[in-house]
Structures are given as C-alpha cells and as structure tokens.
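One structure below.
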Amino acid sequence: MPQMAANDGLREEFNRWAGEGKGESMEKEHRPIVEPTLAMMQFARDEAVLDVGSGGGWLVRELATRVPQGRVLGIDVSNEMVERARRATAETKIENAEFMVSSVDAIPREDNAFDKVVSVESSYYWPDPAAGIREIFRVLKPRGSAWILINYYRDNPYCHQWAKLLQIPTHLLSGDEWAKLFRSAGFVRVAHQRIVDPTPTPESYTGRWFRDAKELEAFRREGALLVHGSKPA
Ligand SMILES: C[S@@+](CC[C@H](N)C(=O)[O-])C[C@H]1O[C@@H](n2cnc3c(N)ncnc32)[C@H](O)[C@@H]1O
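Just so you know, we're using numbering that gives the first Met the number 0 here: the sequence shown kicks off at 0 and counts up by one.
Put into structure tokens, the structure is as follows:
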C-alpha cells in the first residue's frame, strides 16, 4: 500500500518538525498570507470548518473564534502535531475545536459535513493531491468551499530549491494544474490568485530556504498561491 507507506514517512518527518517547535513557529510565517484569505472566506458564526494539515493548531483556534456557534476540526497526519495542538487548545477557553490524527486521503467524517475547508502549506506534501482534493470535495456540503494556500508552486521560481532541502517527496504544480485538480474533483467557480506577504524583509538572511535576503524578498513579492472552489448546490 504505497499511500500508507507515504503517510508513515510524512508522520515521521512532521513528528520531527513538531519536536523542533515548528508547529508553533509556523504561525508567524503563515499568518500574513492566511489573514487576507480568511477575510475572503466570509464565515457565518455557526459554520462547520475543517483545517487539513493543522500543525500546531493556531489556525483552528483562530477559526473557532470566527465561528463561535459552529465547530472546527483540525486533522494532521502527525500525531505529535495533534498532541501539541490539543495541549495548546486546552490552555484556552475555546470549546468548539477538536483535532484528529488523520491523513487527507481518509477524512474521518461523513459526506457533506463542512461548510468550509482550508489548508495552509500542506497540500504539496500529500501523497496523492488529486485524491486529497476529491476527499475534501466529499466532506464539503453543497455550496461549501475549499481554500488551499501554497508557498511551493511551479510559477514561483524562488521556491524550487526547496525540493532538495525537504527530506520528503513533494509535488511542484502550477496554479493552473492545482485548479485542474479542483475541477476534476467536481468543484465549480474555481480560481487561483496570489496572496502577497507584506512582511518587511530583513537586511540579511541566514536561514536555509533562500540564498540571501534578496531571494527571500523576490519570493515574497511573487506571493503565495491561493486556489479555491465551491461544491455545486
Ligand atoms: C508546513 S506544515 C503547516 C502546518 C499548518 N497548516 C500551519 O500553517 O502552521 C504542514 C502540515 O501538514 C501536515 N500534513 C502533511 N501531509 C499530510 C496529509 N497527507 N494529511 C494530513 N496532514 C498532512 C503535516 O503533518 C504538517 O503538520
């Protein structure tokens, strides 16, 4: 079963990330592209929302405050990420959020369960992105919508070097290719656009993802890819 083996590899890698505190530190990196996306999603207070690849759970907690009479589920293939997300959420007053260990290819919910699905910086790791998008389509209610944010995509040349740096297989697709996967799954009103990260670039960069601060600046100028679509009525 290649999918199961792939999920084991993902679990191992992201359990390592969790142990390094990345579940928590990714909030700072991803919030600048997530905030404009949440504004577009226009939540009603009683909606059911799913976050796929919820990591440290910061977005699930944010969503829970936006749907106070609804419910939010975060799923993640990494049990360590889910543990940490549960622990951090237990320290808050939030009562309408939960987390489950699960891969996107078998979401533990019945058909038509959610009004909205969001996923941030996760989909290019999924062993079979087309199957993941079909599964999201299955759990969405008619008229529900899916919103996927991606920093690693073919149209942005300043992220292609990540393939060598990441220790797990990834899918480098273009905006058009992601949109095609949405349409093939049955989504309508499919579109993709760029979400520019307005964070000021530091004068020097010492991390491993970019050669220097100039490259980081160019990467941010290209923006993240946001792909979205709706399930027909
Ligand atoms: C780069 S992290 C992003 C975490 C979080 N969305 C955030 O923005 O802070 C990617 C997350 O996706 C999860 N993930 C990767 N493949 C997955 C899959 N097939 N199903 C569910 N979660 C997955 C990882 O375990 C990890 O927590």
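From the three backbone atoms N, C-alpha and C, an ideal C-beta is built for every residue, glycine too.
Any non-hydrogen atom of ligand 1 closer than 7 Å to residue i Cβ
i, result
"Phe136", "no"
Closest Cα partner of residue i within the set the options
i, options, result
"Ala145", "Arg86, Val51 and Tyr152", "Val51"
"Gln201", "Lys92, Leu37, Ala212 and Arg193", "For the record, residue 201 in the displayed sequence is Pro; it is not Gln. Looking at the Cα atoms, Ala212 is the closest of the given residues."
"Trp16", "Pro199, Leu215, Glu82 and Pro1", "Glu82"
"Met39", "Ala178, Val187, Gln166 and Leu148", "Leu148"
"Tyr204", "Val33, Val195, Glu214 and Ser77", "Glu214"
"Gly131", "Gly143, Phe209, Ser101 and Asn150", "Ser101"
"Ala190", "Gly54, Thr198 and Ser173", "Ser173"
"Asp127", "Arg65, Leu180 and Gly54", "Leu180"
"Ile32", "Val195, Met80 and Ser229", "Val195"
"Glu88", "Val71, Asp104, Val103 and Ser77", "Inspection of the sequence shows that residue 88 is occupied by Thr rather than by Glu. If we check each option's Cα against that of Thr88, Val71 comes out closest."
"Gly55", "Glu97, Glu79, Gly22 and Leu164", "Gly22"
"Asp75", "Lys163, Glu12 and Gly228", "Glu12"
"Ile93", "Asp104, Ala105, Pro67 and Asp114", "Pro67"
"Ala233", "Asp45, Leu225 and Glu134", "Look at the range of the chain in this structure, 0 to 232, and you will see that residue 233 is not part of it."
"Ala232", "Ala178, Gln166, Phe209 and Gly143", "Gly143"
"Arg255", "Glu34, Glu90, Phe186 and Ser53", "Residue 255 is absent from the structure shown; the chain starts at 0 and stops at 232."
"Ser53", "Ala178, Asn78, Trp177 and Ala47", "Asn78"
Distance cut-off 7 Å: residue i Cβ against heavy atoms of ligand 3
i, result
"Pro128", "Absence of ligand 3 from the depicted structure is noted, with ligand 1 being the only ligands included."
Near ligand 1, which residues have their beta-carbon closer than 5 Å to a heavy atom? Chain-ordered list of matching residues: Leu9, Phe13, Met25, His29, Gly52, Gly54, Asp75, Val76, Ser77, Met80, Ser102, Val103, Val119, Glu120, Ser121, Tyr124 and Trp125.
Please give me, in chain order, every unbroken run of the beta strand (DSSP E) with length at least 3 that falls completely inside the stretch 2 to 78. DSSP runs (the beta strand (DSSP E)) wholly in the stretch 2 to 78: 47 to 51 and 70 to 75.
Under 8 Å: do the stretch 109 to 117 and the stretch 137 to 156 share three or more Cβ pairs, one atom per stretch? Taking a cut-off of 8 Å for Cβ pairs, the stretch 109 to 117 and the stretch 137 to 156 touch, as three or more such pairs fall below it.
Which runs of the beta strand (DSSP E) at least 3 residues long sit entirely within the stretch 139 to 203? Give them in chain order. Correct list: 139 to 149 and 187 to 194.
Given 8 Å, three or more beta-carbon pairs between the stretch 215 to 228 and the stretch 157 to 174: Yes: at least three Cβ pairs fall under 8 Å.
Taking 8 Å as the cut-off, does the stretch 75 to 93 touch the stretch 45 to 63 (at least 3 CB pairs, one atom from each stretch)? Three or more beta-carbon pairs separated by less than 8 Å link the stretch 45 to 63 to the stretch 75 to 93, which places the two stretches in contact.
Where are the beta strand (DSSP E) runs, 3 residues long or more, that stay fully inside the stretch 76 to 114, in chain order? For the stretch 76 to 114, the continuous beta strand (DSSP E) assignments of 3+ residues that do not extend past its boundaries occur at 96 to 100, in sequence order.
Taking contact to mean 3 or more Cβ pairs, one atom from each stretch, closer than 8 Å, check whether the stretch 29 to 43 and the stretch 3 to 17 are in contact. Judged by Cβ distances under 8 Å, the stretch 29 to 43 makes no contact with the stretch 3 to 17, as fewer than three pairs qualify.
Contact between the stretch 23 to 35 and the stretch 118 to 125: three or more CB pairs below 8 Å? By the C-beta criterion, the stretch 23 to 35 is judged to be in contact with the stretch 118 to 125, since at least 3 inter-stretch pairs fall below 8 Å.
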